[in-house]
Amino acid sequence: MTTRTLTRVTLLLTFAGLWASAATAYQAGRLTIEPRPGDATLAARTDLAPGLLRGARLTLFDGRRQAALPLGPARLGEGPADATLAWTPEPGLEVDLRLQAVGSCLLWEVRCRNRGQESRWLELGPALDLQPPAGQAQWFDGWDDKALTDADQSSVRMAGNMPMTALWTPDACLAVGLEPTELVSWFRHSVARVSEDALALSCTARCVVDPGAEAAVRFVTLATLGEWGRYEAFDAYYASFPECFRAHPEVDPRASLGSSQYRAWPTGSWSPEICRRLYGGWEWCYAPFKRTGDIVGRPELWDYTPVRPFGTRPALPRDEYLAWREKAFTDGAERCGVAMMFYIPAQVWCEEQLARERYADALVTDPRAKTYFSTPWVTGHDNELLVFPHATSFGDQTRRDLAEIAETLPIAGFAFDTAGGVARYTGPALPRLEGRAWDDEVGVYCSELVAIAKVMDYVHTLRRDGRRLAVVSNPMATGSYASCVRSDSAMLERSPWQHSRTESDRLRWKLGHKTMVWWEGYEAGDFVDLATVKPDDLAAVYEGLADFTLLQSLRVGAIPPTNFTQGIARLVRWLPAIVDCVQTGWEPVPAVRLPAPAWASRYGRGLETRLALAQETGEDLNLEAEVLNPRLGTGAMLFAHADGRPQVNRVRAGNTLLPLRLAVRTPVLLRAMLAVEPSSAVSTAEVALRQEATRAVLQATVTGAGTARLRLATPAGMRPTVATWAGQPLALRVTAGAAEAEVNLGEAGRLEVAFTSDLFALSDEALLGFPFVSPEGATATLLVAADAPVAVTRAAARLQEYFRYWHGRIEKPAREVLLPIRPEAAVGPAVSIALVPGRPATVRREGDRLIVEADSAAALEAAVDRLLQALDRRWWTSEIFGQTAVRDRLAAFSGRE
Amino acid sequence: MLALTLVGTALAAGAAELRLGSAPALPVPNLLVNPGVEEGTDGRPQSWAFGTATPAIFESDWREGGRSGRCLWLKARTGEMSGYWAQSVAVVPGTPYLAKGHLRILSGKILCYVHGTADVGDGRKVSVDARHYRGTMRGHWLTPVFVPLDALSGPDAERWHPFRIPFTPTAPVDRVAFSLGLYFAAGEAMFDDLEVCLAEVALLVRVEPAAGEVLRRVVVRADGTAKPIYDSGALPEGTGVFTHEIPGQPSDGQWTLTVTLADGRTLSQRYPKHEGEAPR
Numbered sequence: 059m060t061t062r063t064l065t066r067v068t069l070l071l072t073f074a075g076l077w078a079s080a081a082t083a084y085q086a087g088r089l090t091i092e093p094r095p096g097d098a099t100l101a102a103r104t105d106l107a108p109g110l111l112r113g114a115r116l117t118l119f120d121g122r123r124q125a126a127l128p129l130g131p132a133r134l135g136e137g138p139a140d141a142t143l144a145w146t147p148e149p150g151l152e153v154d155l156r157l158q159a160v161g162s163c164l165l166w167e168v169r170c171r172n173r174g175q176e177s178r179w180l181e182l183g184p185a186l187d188l189q190p191p192a193g194q195a196q197w198f199d200g201w202d203d204k205a206l207t208d209a210d211q212s213s214v215r216m217a218g219n220m221p222m223t224a225l226w227t228p229d230a231c232l233a234v235g236l237e238p239t240e241l242v243s244w245f246r247h248s249v250a251r252v253s254e255d256a257l258a259l260s261c262t263a264r265c266v267v268d269p270g271a272e273a274a275v276r277f278v279t280l281a282t283l284g285e286w287g288r289y290e291a292f293d294a295y296y297a298s299f300p301e302c303f304r305a306h307p308e309v310d311p312r313a314s315l316g317s318s319q320y321r322a323w324p325t326g327s328w329s330p331e332i333c334r335r336l337y338g339g340w341e342w343c344y345a346p347f348k349r350t351g352d353i354v355g356r357p358e359l360w361d362y363t364p365v366r367p368f369g370t371r372p373a374l375p376r377d378e379y380l381a382w383r384e385k386a387f388t389d390g391a392e393r394c395g396v397a398m399m400f401y402i403p404a405q406v407w408c409e410e411q412l413a414r415e416r417y418a419d420a421l422v423t424d425p426r427a428k429t430y431f432s433t434p435w436v437t438g439h440d441n442e443l444l445v446f447p448h449a450t451s452f453g454d455q456t457r458r459d460l461a462e463i464a465e466t467l468p469i470a471g472f473a474f475d476t477a478g479g480v481a482r483y484t485g486p487a488l489p490r491l492e493g494r495a496w497d498d499e500v501g502v503y504c505s506e507l508v509a510i511a512k513v514m515d516y517v518h519t520l521r522r523d524g525r526r527l528a529v530v531s532n533p534m535a536t537g538s539y540a541s542c543v544r545s546d547s548a549m550l551e552r553s554p555w556q557h558s559r560t561e562s563d564r565l566r567w568k569l570g571h572k573t574m575v576w577w578e579g580y581e582a583g584d585f586v587d588l589a590t591v592k593p594d595d596l597a598a599v600y601e602g603l604a605d606f607t608l609l610q611s612l613r614v615g616a617i618p619p620t621n622f623t624q625g626i627a628r629l630v631r632w633l634p635a636i637v638d639c640v641q642t643g644w645e646p647v648p649a650v651r652l653p654a655p656a657w658a659s660r661y662g663r664g665l666e667t668r669l670a671l672a673q674e675t676g677e678d679l680n681l682e683a684e685v686l687n688p689r690l691g692t693g694a695m696l697f698a699h700a701d702g703r704p705q706v707n708r709v710r711a712g713n714t715l716l717p718l719r720l721a722v723r724t725p726v727l728l729r730a731m732l733a734v735e736p737s738s739a740v741s742t743a744e745v746a747l748r749q750e751a752t753r754a755v756l757q758a759t760v761t762g763a764g765t766a767r768l769r770l771a772t773p774a775g776m777r778p779t780v781a782t783w784a785g786q787p788l789a790l791r792v793t794a795g796a797a798e799a800e801v802n803l804g805e806a807g808r809l810e811v812a813f814t815s816d817l818f819a820l821s822d823e824a825l826l827g828f829p830f831v832s833p834e835g836a837t838a839t840l841l842v843a844a845d846a847p848v849a850v851t852r853a854a855a856r857l858q859e860y861f862r863y864w865h866g867r868i869e870k871p872a873r874e875v876l877l878p879i880r881p882e883a884a885v886g887p888a889v890s891i892a893l894v895p896g897r898p899a900t901v902r903r904e905g906d907r908l909i910v911e912a913d914s915a916a917a918l919e920a921a922v923d924r925l926l927q928a929l930d931r932r933w934w935t936s937e938i939f940g941q942t943a944v945r946d947r948l949a950a951f952s953g954r955e
Numbered sequence: 016m017l018a019l020t021l022v023g024t025a026l027a028a029g030a031a032e033l034r035l036g037s038a039p040a041l042p043v044p045n046l047l048v049n050p051g052v053e054e055g056t057d058g059r060p061q062s063w064a065f066g067t068a069t070p071a072i073f074e075s076d077w078r079e080g081g082r083s084g085r086c087l088w089l090k091a092r093t094g095e096m097s098g099y100w101a102q103s104v105a106v107v108p109g110t111p112y113l114a115k116g117h118l119r120i121l122s123g124k125i126l127c128y129v130h131g132t133a134d135v136g137d138g139r140k141v142s143v144d145a146r147h148y149r150g151t152m153r154g155h156w157l158t159p160v161f162v163p164l165d166a167l168s169g170p171d172a173e174r175w176h177p178f179r180i181p182f183t184p185t186a187p188v189d190r191v192a193f194s195l196g197l198y199f200a201a202g203e204a205m206f207d208d209l210e211v212c213l214a215e216v217a218l219l220v221r222v223e224p225a226a227g228e229v230l231r232r233v234v235v236r237a238d239g240t241a242k243p244i245y246d247s248g249a250l251p252e253g254t255g256v257f258t259h260e261i262p263g264q265p266s267d268g269q270w271t272l273t274v275t276l277a278d279g280r281t282l283s284q285r286y287p288k289h290e291g292e293a294p295r
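Protein chains in written order, with the working numbering: chain A, 59 to 955; chain B, 16 to 295.
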């Protein structure tokens, strides 16, 4: 627990805003804690709700004696130099507390030193003493909201709990939890009644301190607004530890896209375009090894007798198997442009013979966990045992294997299946493990979550092609917080309706702003009898499930992968907007008030704000949504529909009111386009953004009074060029990355801002009208110099593939169209592709020549990505649905848009 | 064969005596206690235990209108967790068994399963895990807004549906649990007339011709199948008392023994005689 496993967090702790007043009062956000010498209770207060927070204290419990351990009088400034308070609860045990502000959280680092002869089993953590008004408070136990009762309540759901508990009233939310990178094997959230009108809200963790050793556990406490309950606490938590709730900045960004879901594993004839068009950025390359536990395929471990017969591929000789594997990864990475994730079962499963013969010290024997599969599991032909992949012989081998895989295969990361486990390890490596806990069933143990977290941390230390390797995981909603904190993105192995409508929420909360991806697929056979259902009924089921997927994807911030999107027009049309929202980052506080049963989800803040609003009844709803602008940034935010349609905005008391019609099964997605300061200057506005591939125009009719500063959202990949106000030129300046201008508001002032692409130096008409192909076949030549670098030939191959796919798979009747790739063209249209040092990426047209240039391989790849997306405006397809009987109907499905 | 119980006997005046029976006799004993879930108090059927990790989402009680008497009703308010009524029974390793019963699914997804685990030493375990899933989307919360009611399929909620789960416990598994419940889905289901029994019996055939009669052929057919499970072919002249054992027959089957005499007459006998559940 003392080891800081994430470097970025260490830095954060060092440099975050620490504020201590005369070394006696610590403040973070809206919480102030003041240690007092000689008193076990710390003075605590929040200005949000005077009287709600009455104090704070550290609690300590002796697990061997099964009794609370009074801390005794606190010594201020007498412990270690950096300690806030120190105690000696009894001879041989020293406890000190260090308080520190991290963002809007107060960090409690509790350190225990054992000077005695016997190991200490302790349970410790902060408690906030609260006096909520009767009937006004609710408690979040890490999983569910609960009403307060006269009885004490607690939750020890290691499998799934948020590492944070919260209690809130309409005025304030108080929360206690673990510092998110903290690794503990056991923690408990509780709310206990300490008197008739007072409660203690606590998060405690168990730890084991060996004689002569020291252990530390880090907790956080916070006070924040109360309106959105637990979500207010999450908001403060995410903001205080941002690195834990966003993908690692140095991993492949494709890890934050959707999954290609086996369209690139293995690759097929049309894989590259299917993956690209359906935003399949990463592949879950299932079980790319012969023997579970030997992911490299080492020669000394190759030959063994499985309990069930090998399939065709694992039965290959080692050389052939490894050659197949390398080709499969290379095809996916290079031909499809997909970030290939090498599947591992989080390294917690190992083939039985291998585990017993070589890694016996790693076996997990938790009597309450499933530790043995005698039925087909990872490979199908092995029986597998649960193992502990850290600080054991298997853990050591795991590190060697992960490093070797990273070095030898073109992967972007590892796909961690079964990543959320919390089984208890009690084997011989236990004494050297951090994060140990104890219980009365197995004694001292270490949770599997510690080992999985360590493996994930190790993966992030590995590099390939200048990037850190990514962790894409499958932790399930019931997965541990530790795995979610260390994942760059995660799948939920569920469709949006499985188990319950909100199961996905629990994973989303632990992931914070990171990408989440649905898994599975429609499995319509769960709803209808596939043998007898009529095509129209079946199509209606698919349409309904697709609509529900659309709504839930926007509600919880999940990208539907290819099993959900392929061939269903409405979802494919919405997919870019969904991906844009998810990559902007789900926000726990919607900051939108609207009447039930409508709901709102928010992505981003300030001018990056996206608002998704919908309802799930069978009737259209007309309503007014109120956006709480102070929660989003400064000024009054004015919104347009993300698809370009105009939206009416009314500004009252600093908030933006949005009259909306929420149609059945149809979401509304809005984007902040303008911020007006001061907000009191604006009263109404109608805002629209007309966007094409190469240009965009923002149009707003604004009514107000007085001088106002307008800040503009700039569409991605564009820059503002010309602005007018009331028909007159308006000077724009760029401040803090946003274009802004001053105007005098009056009656229906008209703002118009033209944006132009920073890549496309031509119009949509010129681009989409370029004669790539004619009815007779390929028209354009792809010009690539004979000595062109690989990046250029790859760019040409992608364009060639684009039209091969369109005419070979989508166009009917199909025909083979291959744009020739040549060093020069004699006559006719041509696309010239080149790397030109020092030249910004550009796509422009000179007569019958389309020119694509960039100054680096990465810039050229990005330019081609955008070029192909722009071409999709003309050559758009929903791709092809698997079932012929409903294919045409789903390809035309547009819902009520 | 330890016991020969002859249930089916046909003896026409002056005709051959046909006896079709089995070892053990049918019906085979039901290993469950309180199999009709009639006995019990406070909504808890005697000898059955309910298990789940989240009791708060489940409700259970008796309902009138069972297949026989009252039946056991179970409801899950959410699909957060599964929950099961279960009873364990002793079994002989290596012997085929059958778990069966009747159910009605009002909504959600049921799982009935037989499961047991035993250590084989070295920490290794063997297990039995035989399952029967059945589900319906009637009453699903996606209907009718997202999924049209007309399109849905699933077993008729107003009828009892039989189910059967064959299993053979691997040595040394000598005890298994028969569990009935809702599988990670909000829903309601009812269960009745449950049974765990031996899956197989040996059919015993005995035909004794009357004086002057000559046996020509003996055939045994399972109900609902055209192909005989036994056909003696043409019997040699002078065949006296004919006996034959047919092992491995389903304990919930029904059969017909047909004997052809040399004079062309045919005699037949069904076994068992009682009206039971229709064969598979």
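For each residue, glycine too, the CB sits at the ideal point set by N, CA and C. Quick caveat: nothing in here was measured; it's all calculated off a predicted structure.
Asked                                                                                                                     : Found
Where A:Thr573 falls, given that 16 or more other Cβ within 10 Å makes a residue buried                                   : buried
Collapsed DSSP secondary structure at A:Gly953 in the structure displayed                                                 : coil
Residue from A:Leu232, A:Gln405 and A:Pro618 whose Cα sits closest to the Cα of A:Leu111                                  : A:Leu232
Element boundaries [alpha helix (DSSP H), containing A:Gly602]                                                            : Pro593 to Val614
Paired residues, beta bridge with A:Ala766 - DSSP                                                                         : A:Val801
B:Ile120 - partner residues in DSSP beta bridges                                                                          : B:Ala204
CA-to-CA distance, A:Ala806 to A:Asp32, given in whole angstroms                                                          : For residue 32 of chain A there is no data in the structure shown, the boundaries of chain A being 59 and 955.
Cβ pair A:Ala784, A:Arg808 closer than 8 angstroms                                                                        : yes
Other residues of its chain near A:Leu565: CB distance less than 8 angstroms, five sequence neighbours each side excluded : Pro533, Met534, Ala535, Gly537, Cys542, Ala548, Leu550 and Met574
Cross-chain neighbours of B:Gly150 in chain A, by beta carbon under 8 angstroms                                           : Asp584
B:Asp76 versus B:Gln264, B:Asp207 and B:Arg236, residue with shortest Cα-Cα distance                                      : B:Asp207
CB contact flag (A:Val685, A:Leu716, <8 angstroms)                                                                        : yes
Euclidean distance between Cα positions of A:Ala345 and B:Gln264                                                          : 42 angstroms
Amino acids of chain A, ordered along the chain, whose beta-carbon sits closer than 8 angstroms to that of B:Lys140       : Tyr430 and Ser432
For A:Tyr503, the three-state DSSP class (helix, strand or coil)                                                          : strand
Residue interval of the beta strand (DSSP E) (run including B:Thr271)                                                     : Trp270 to Leu276
Delimiting residues of the alpha helix (DSSP H) encompassing A:Ala540                                                     : Tyr539 to Arg544
Collapsed DSSP secondary structure at A:Pro389 in the structure displayed                                                 : Contrary to the premise, residue 389 of chain A reads as Asp rather than Pro in this sequence. A:Asp389: helix per DSSP, three-state reduction.
With 16 other Cβ atoms within 10 Å as the buried cut-off, status of B:Val107                                              : exposed
Buried or exposed by the 16-neighbour rule on C-beta atoms within 10 Å, applied to A:Thr282                               : buried
Endpoints, alpha helix (DSSP H) assigned at A:Val922                                                                      : Ala915 to Leu929
The ligand SAH heavy atom lying under 7 angstroms from the CB of A:Ala509                                                 : As far as ligands go, the structure on display features none, and thus does not contain the ligand SAH.
Distance between A:Tyr84 and A:Ala230 (C-alpha atoms, nearest Å)                                                          : 19 angstroms
Within 8 angstroms, strictly: CB atoms of B:Gly51 and B:Gly84                                                             : yes
Assigned secondary structure, B:Thr93 (DSSP; H/G/I helix, E/B strand, else coil)                                          : coil
Residue closest to A:Arg416, alpha-carbon to alpha-carbon, out of A:Tyr430, A:Val842, A:Asp424 and A:Leu443               : A:Leu443
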